[in-house]
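Numbering-wise (our numbering), the sequence shown opens with residue 18 and increments by one. Where is the CB? At the ideal position from N, CA and C, for every residue including glycine. Everything numeric in this text was worked out from a predicted model, so none of it was measured.
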Amino acid sequence: MRHFLFFLLMATAIFSTAQPAKKAAPKAPAKPKLVVGIVIDQMRWDYLYRYANRFGKGGFKRMMSEGFSCENTMVPYTPTVTAAGHTCIYTGSVPNIHGIVGNNWYDSKNGKSIYCTEDANVKSVGTTTKDGEMSPVNMLVTTITDQLRMATNFRGKVVGIALKDRGAILPAGHSANAAFWYENENASFITSTWYMNELPAWVNAFNSRKLPDSLMALGWNTLYPVASYVQSTADEKAYEGKYNGINKTSFPYDFSANPINDKRDMIRSTPHGNTLTAEFAKAAVLNEGLGKDSITDMLAVSFSSPDYIGHQFGPNSVENEDDYLRLDRELASFFTFLDKEVGIGQYTVFLSADHAVAHVPGFNAENKLPGGLFSTSIFTKEINKGLKDKFGPDSLVVATMNLQLYLNKPLIAARALDEDAITEWIVAYLGRQGEVTQAFALSKLEDQPMNATIKDRIGNGYFPSRSGDIQIVPRPGYIEGGKTGTTHGLWNPYDSHIPLLFMGWGINHGATNRETYMTDITATVAALLKIQMPSGCVGKVITEVIK
Numbered sequence: 018m019r020h021f022l023f024f025l026l027m028a029t030a031i032f033s034t035a036q037p038a039k040k041a042a043p044k045a046p047a048k049p050k051l052v053v054g055i056v057i058d059q060m061r062w063d064y065l066y067r068y069a070n071r072f073g074k075g076g077f078k079r080m081m082s083e084g085f086s087c088e089n090t091m092v093p094y095t096p097t098v099t100a101a102g103h104t105c106i107y108t109g110s111v112p113n114i115h116g117i118v119g120n121n122w123y124d125s126k127n128g129k130s131i132y133c134t135e136d137a138n139v140k141s142v143g144t145t146t147k148d149g150e151m152s153p154v155n156m157l158v159t160t161i162t163d164q165l166r167m168a169t170n171f172r173g174k175v176v177g178i179a180l181k182d183r184g185a186i187l188p189a190g191h192s193a194n195a196a197f198w199y200e201n202e203n204a205s206f207i208t209s210t211w212y213m214n215e216l217p218a219w220v221n222a223f224n225s226r227k228l229p230d231s232l233m234a235l236g237w238n239t240l241y242p243v244a245s246y247v248q249s250t251a252d253e254k255a256y257e258g259k260y261n262g263i264n265k266t267s268f269p270y271d272f273s274a275n276p277i278n279d280k281r282d283m284i285r286s287t288p289h290g291n292t293l294t295a296e297f298a299k300a301a302v303l304n305e306g307l308g309k310d311s312i313t314d315m316l317a318v319s320f321s322s323p324d325y326i327g328h329q330f331g332p333n334s335v336e337n338e339d340d341y342l343r344l345d346r347e348l349a350s351f352f353t354f355l356d357k358e359v360g361i362g363q364y365t366v367f368l369s370a371d372h373a374v375a376h377v378p379g380f381n382a383e384n385k386l387p388g389g390l391f392s393t394s395i396f397t398k399e400i401n402k403g404l405k406d407k408f409g410p411d412s413l414v415v416a417t418m419n420l421q422l423y424l425n426k427p428l429i430a431a432r433a434l435d436e437d438a439i440t441e442w443i444v445a446y447l448g449r450q451g452e453v454t455q456a457f458a459l460s461k462l463e464d465q466p467m468n469a470t471i472k473d474r475i476g477n478g479y480f481p482s483r484s485g486d487i488q489i490v491p492r493p494g495y496i497e498g499g500k501t502g503t504t505h506g507l508w509n510p511y512d513s514h515i516p517l518l519f520m521g522w523g524i525n526h527g528a529t530n531r532e533t534y535m536t537d538i539t540a541t542v543a544a545l546l547k548i549q550m551p552s553g554c555v556g557k558v559i560t561e562v563i564k
């Protein structure tokens, strides 16, 4: 009997060890259900801290407390403008490779200006205007959104959304399911035949609400008493831009007297534009079923209004501060919405900016800071006059864009003129201008005695068939513009130091102060999703970000 019990126990033990152990149920999906890319058009990195005392816990602070912040992220090229920035974030590439050298450039071969997303081969959808004749055809490489589509055999959905066409189209990529942007005339979101032949029913339903009209009826006043905006200048400043028909630059703003078409355009330059964008993004998540299955989808959202407001009023205005306090609330609401509809821990968000912004020259003068104004149109007029006197023909400089001068090469060739002599004359003229640090022929960039960082930024922005022939490098603090408002586009930190935050599935908590770049965003997302980088990506994975 004892022998029988012994053998029974041994057999039981052997049988037990031979059985495979039950696997614990996974606590998280292998990949996030949804990746949300957020671009704030014209956000300086320092806004994260400048306005922090009034940010709530659910927006920017939630991303910083739960996620990862790359505190020293730079734009690695010039010009630092919207089209190039959105393209760089989603391609991990630079204009030297992806070809989007600016919002516009001059086509020397055909003798005309090109808009970054224009496409004569597509038609507008949702409007009878030409505002929908747009596509990503001028972008020469793939995006992370394209790579996601390919990696999922086109089962993962991609949608791009912005008020600006370029802010929706370029991030969405070539193979997106949809990209939608705002049209003033009908106060509607539209698209093009690149994506579809008619608007989805849900978009028509959203547009029929005429949300822009009801939002603009609210006017714009500050969230808090104006006197408490201690991070901003006085509310009324002569160097701030005015709304059409409103003869002041101070709160409150009442738009009721403006014509309806005027208000539908002006919504872009108010925080209501952010509300409109966020509400449309929520509608897209719900109606396109984004993040509803195990196949990763991607939503690219660009908030365009901060750029319009920043250009008009500048980074030190009460308007700018109030816009960011309101945008923080929009983000908090959007994240709460994603928690409910996609699930906490089931989605990944990254947030960055396409560029930052310079101080208004009037602000600099008021505070004895270096900086001022210059005009490339005046430069070009005087250069052409001088060239005509010396070489004969008129209009030897045919265009000036992105601080680059384009030579009229067909005319130079037809008259058998000395192009090198013409270039040298222009460079010498520009070198005598007090607002200019340096000017040179872009073909001779490598020979220029200049700081390596500036040389690298200019080289990364140079695409021979789309860029100009002569580069202008302004003195720090100098911008091209008028007496009110400001702009961006340069290599300087005030234009190129941007925020970069990650939060959600697969993201560590922490921060780094080492230098990272806009190009690294896509490389990091590709590593997180375990998919191939885009075809022109030169970025590096920010390894600290990923769990």
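Which partner residues does Asn121 have in the DSSP bridge list? In the DSSP assignment, the residues bridged to Asn121 are Tyr132.
On the CB-based measure, 16 or more other CB atoms within 10 Å of its CB, does Trp219 come out buried or exposed? Exposed, by the Cβ-count rule.
CB of Leu187 within 9 Å of CB of Tyr199, strictly: Leu187 places its beta carbon 9 Å or farther from that of Tyr199.
Using CA coordinates, which residue listed in Leu420, Pro510 and Gly499 is at the minimum distance from Gly478? Nearest C-alpha to Gly478: Leu420.
In the DSSP assignment, what are the bridge partners of Met520? Assignment of beta-bridge partners to Met520 by DSSP yields Val366.
Excluding five sequence neighbours on each side, which residues of the same chain lie with their C-beta closer than 7 Å to the C-beta of Ser267? Take Ser267, set aside five residues on each side of it, and the residues of its chain with a beta-carbon closer than 7 Å to its own are Asp252 and Glu253, in chain order.
Assuming the contact rule is C-beta atoms closer than 8 Å, Ile443 and Ile487 should be a hit. Round their C-beta distance to whole Å, please. Confirmed, Cβ separation roughly 6 Å.
For Gly362 and Thr501, what's the separation of their Cα atoms in angstroms? So the two alpha carbons sit approximately 45 Å from each other.
Would you check whether the ligand HEM has a heavy atom nearer than 8 Å to the C-beta of Thr541? Of the ligands one can find in the structure shown there are none, so the ligand HEM has no counterpart to examine.
So does the region 45 to 61 actually touch the region 512 to 524, counting three or more Cβ pairs closer than 8 Å? Here the region 45 to 61 makes contact with the region 512 to 524; the two share three or more CB pairs at distances below 8 Å.
Could you pull out every residue in the same chain whose Cβ sits closer than 8 Å to the Cβ of Gly73, ignoring the five residues on either side in sequence? Spatial neighbours of Gly73 in its own chain (CB-CB distance under 8 Å, excluding positions within 5 residues in sequence) are listed in chain order as Asp345, Arg346 and Ala349.
Could I get the ranges of all uninterrupted beta strand (DSSP E) runs contained in the region 178 to 237, with 3 residues as the minimum, in chain order? Scanning the region 178 to 237 from its first residue to its last, the whole beta strand (DSSP E) runs of 3-plus residues come out as 195 to 200 and 205 to 209.
In angstroms with no decimal places, state the Cα-to-Cα distance between Asp411 and Ser484. Using only the alpha carbons, I get a separation of about 22 Å.
Taking the alpha-carbon positions, what's the Pro323 to Pro481 distance? The alpha-carbon atoms of Pro323 and Pro481 are separated by roughly 32 Å.
Sort Gly149, Gly236 and Thr162 by Cα distance to Ile207 and report the nearest one. Just measuring C-alpha positions, the residue of Gly149, Gly236 and Thr162 sitting nearest Ile207 is Gly149.
Span of the alpha helix (DSSP H) around Tyr107: Thr99 to Thr108 is the extent of the alpha helix (DSSP H) around Tyr107.
Reference Gly331; option with closest CA among Glu532, Trp508, Ile114 and Thr503: Closest option to Gly331, Cα to Cα, is Thr503.
Can you tell me whether Asn291 is helix, strand or coil according to DSSP? DSSP places Asn291 in helix when its eight states are reduced to three.
Closest to Thr144 by C-alpha separation, out of His376, Ala204, Ala431 and Ala100, would be which residue? Of the listed residues, the one whose Cα sits closest to Thr144 is Ala204.
For Val247, is the classification buried or exposed, using 16 other Cβ atoms within 10 angstroms of its Cβ as the cut-off for buried? Under this definition Val247 is an exposed residue.
Which word fits Lys385, buried or exposed, when buried means at least 16 other C-beta atoms lie within 10 angstroms of its C-beta? Exposed, since its Cβ has fewer than 16 Cβ neighbours within 10 Å.
Cα separation between Lys564 and Ala137? When rounded, the distance between both Cα atoms is 45 Å.
Below 9 Å between beta carbons: does that hold for Gly102 and His372? Yes, they are a contact pair.
Straight-line Cα distance separating Asn221 from Gln465: For the pair Gln465 and Asn221, the Cα-to-Cα distance works out to about 55 Å.
Tyr479 by DSSP, collapsed to three states: which one? In the structure shown, Tyr479 sits in coil (DSSP, three-state: anything other than H, G, I, E or B).
Which residue comes first and which comes last in the beta strand (DSSP E) that contains Ile496? Tyr495 to Glu497 is the extent of the beta strand (DSSP E) around Ile496.
Based on Cα-Cα distance, which residue from Leu462, Asn278, Leu517 and Thr440 lies nearest to Leu404? Per the Cα distances, Thr440.
Unbroken stretches of the beta strand (DSSP E), 3 residues or longer, contained in the region 423 to 461: Unbroken beta strand (DSSP E) stretches of 3 residues or longer found wholly inside the region 423 to 461: 453 to 458, given in chain order.
Any idea what DSSP makes of Leu507, helix, strand or coil? In this structure, Leu507 counts as coil in the three-state DSSP scheme.
Could you check if Pro242 is buried or exposed, using at least 16 other CB atoms within 10 Å of its CB as the buried criterion? Burial call: exposed.
Quick check for students: name the residue ranges of the alpha helix (DSSP H) that lie wholly in the region 383 to 422, counting only runs of 4 or more. Here the runs fully enclosed are 393 to 408.
Assuming contact is defined by CB atoms lying nearer than 9 Å, are Ala295 and Val318 in contact in what I supplied? Judged by beta-carbon spacing, Val318 lies within the 9 Å limit of Ala295, meaning their Cβ atoms are closer than that value.
Evaluate the contact criterion for the region 163 to 170 versus the region 534 to 553: three or more CB pairs, one atom per stretch, below 8 Å. Yes, the region 163 to 170 is in contact with the region 534 to 553.
Checking the sheet assignment: what are the DSSP bridge partners for Gly262? The partner list for Gly262 (beta bridge, DSSP) is empty, contrary to what the question assumes.
Nearest to Pro566 (by Cα), restricted to the options Ile559, Ser513 and Ser552: This structure gives no information on residue 566, because the portion of the chain shown stretches from 18 to 564.
Could you compute how far the alpha carbon of Leu342 sits from the alpha carbon of Phe77? Each residue's Cα considered, the two are about 10 Å apart.
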